[in-house]
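Undergrad:
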């Protein structure tokens, strides 16, 4: 089922200062980008990135925004910046299988041999329901 970006936008319009709705819109944009990659992918990722950054301007220690901003950056090829976001979330003692997986993805893309350790951690940690798992194609590496 295609994510409903319009419904997420309506929720943000009704509650523009509510970061929960803003984070949901950003996640929905990323999810929707994969349904029409040629049409919406770049625009959706850019908008989602801007939303995550604006949430972090309000709440610099919002681990969900940090992890999901890292995913948006990673999926756009900014692996060093994504790793910085993940490390900030990690410094907040955020425990999340998605975070560990995403660190592994960033490290693989940066050719860091410690990546495997993070994939192992990911396998034994529960994924937080509000964070996103970065795209990773192991056959491409």
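Residue numbers (this note's numbering): 1 to 141.
Ideal Cβ placement from N, Cα and C applies to all residues, glycine included.
Because the structure is a prediction, the values reported are computed rather than measured.
#1: Determine the DSSP secondary structure at residue 92, reduced to helix, strand or coil.
#2: Residue 143 lies in the alpha helix (DSSP H); which residues open and close that run?
#3: Specify, as a first and last residue, the run of the alpha helix (DSSP H) that residue 156 falls within.
#4: Run the CB neighbour count on residue 77, radius 10 Å, all protein chains shown included, and call it buried at 16 or more, exposed below.
#5: Can residue 5 and residue 29 be called in contact, C-beta distance under 8 Å?
#6: Does the separation of the CB atoms of residue 56 and residue 79 fall below 8 Å?
#7: Whole angstroms are fine: how far does the CA of residue 130 sit from the CA of residue 42?
#8: Just checking, does the region 119–127 make contact with the region 94–103 on the three C-beta pairs under 8 Å criterion?
#9: Count the other CB atoms, across all protein chains shown, that sit within 10 Å of the CB of residue 14; report buried if there are 16 or more and exposed otherwise.
#10: If contacts are defined as beta-carbon pairs under 8 Å, then residue 74 and residue 32 qualify, I think. What distance do you get, rounded to the angstrom?
#11: Who are the Cβ neighbours of residue 114 in its own chain at under 8 Å, not counting the five residues just before and after it?
#12: Residue 20 lies in the alpha helix (DSSP H); which residues open and close that run?
#13: Going by CA-CA distance only, name the one from 128, 104, 112 and 117 that's closest to residue 137.
#14: Here's a check: name, in chain order, each residue in its chain whose Cβ is nearer than 7 Å to the Cβ of residue 9, leaving out the five neighbours to either side.
#15: Would you tell me roughly how many angstroms separate the C-alpha atoms of residue 19 and residue 63, rounded to the nearest one?
TA: Let me lay it out:
#1: Looking up residue 92 in the chain shown gives position 92. Residue 92: coil per DSSP, three-state reduction.
#2: Shown here, the chain extends from 1 to 141; a query on residue 143 therefore has no answer.
#3: A question about residue 156 goes unanswered here, because the residues of the chain that appear run from 1 up to 141.
#4: Here residue 77 refers to the residue found at position 77 when the chain shown is read from its first residue. Answer is exposed; the Cβ neighbour count stays below 16.
#5: For this step, residue 5 is matched to residue 5 along the chain shown. For this step, residue 29 is matched to residue 29 along the chain shown. Yes, these two residues count as a Cβ contact at 8 Å.
#6: Within the chain shown, residue 56 is the residue found at index 56, counting from 1. Within the chain shown, residue 79 is the residue found at index 79, counting from 1. The criterion of a C-beta distance shorter than 8 Å is not satisfied by residue 56 and residue 79.
#7: The residue you call residue 42 lines up with position 42 of the chain shown. The residue you call residue 130 lines up with position 130 of the chain shown. Taking the straight line joining both Cα atoms gives about 22 Å.
#8: Under the three-pair Cβ rule at 8 Å, the region 119–127 counts as touching the region 94–103.
#9: For the purposes of this step, residue 14 is taken as residue 14 along the chain shown, with counting starting at 1. Residue 14 comes out exposed.
#10: Position 74 of the chain shown holds residue 74. Position 32 of the chain shown holds residue 32. With a Cβ gap of about 18 Å, residue 74 and residue 32 do not count as contacting.
#11: For this step, residue 114 is matched to residue 114 along the chain shown. Same-chain partners within the cutoff: 107.
#12: Walking along the chain shown from the start, residue 20 turns up at place 20. 19–33 is the span of the alpha helix (DSSP H), which, as asked, contains residue 20.
#13: Along the chain shown, one-based indexing puts residue 137 at 137. Minimum Cα distance to residue 137 is reached at 104.
#14: For the purposes of this step, residue 9 is identified with residue 9 of the chain shown, where counting begins at 1. So the list reads 25, once near-sequence residues are dropped.
#15: Here residue 19 refers to the residue found at position 19 when the chain shown is read from its first residue. Here residue 63 refers to the residue found at position 63 when the chain shown is read from its first residue. If you take the alpha carbons of residue 19 and residue 63, they lie about 12 Å apart.
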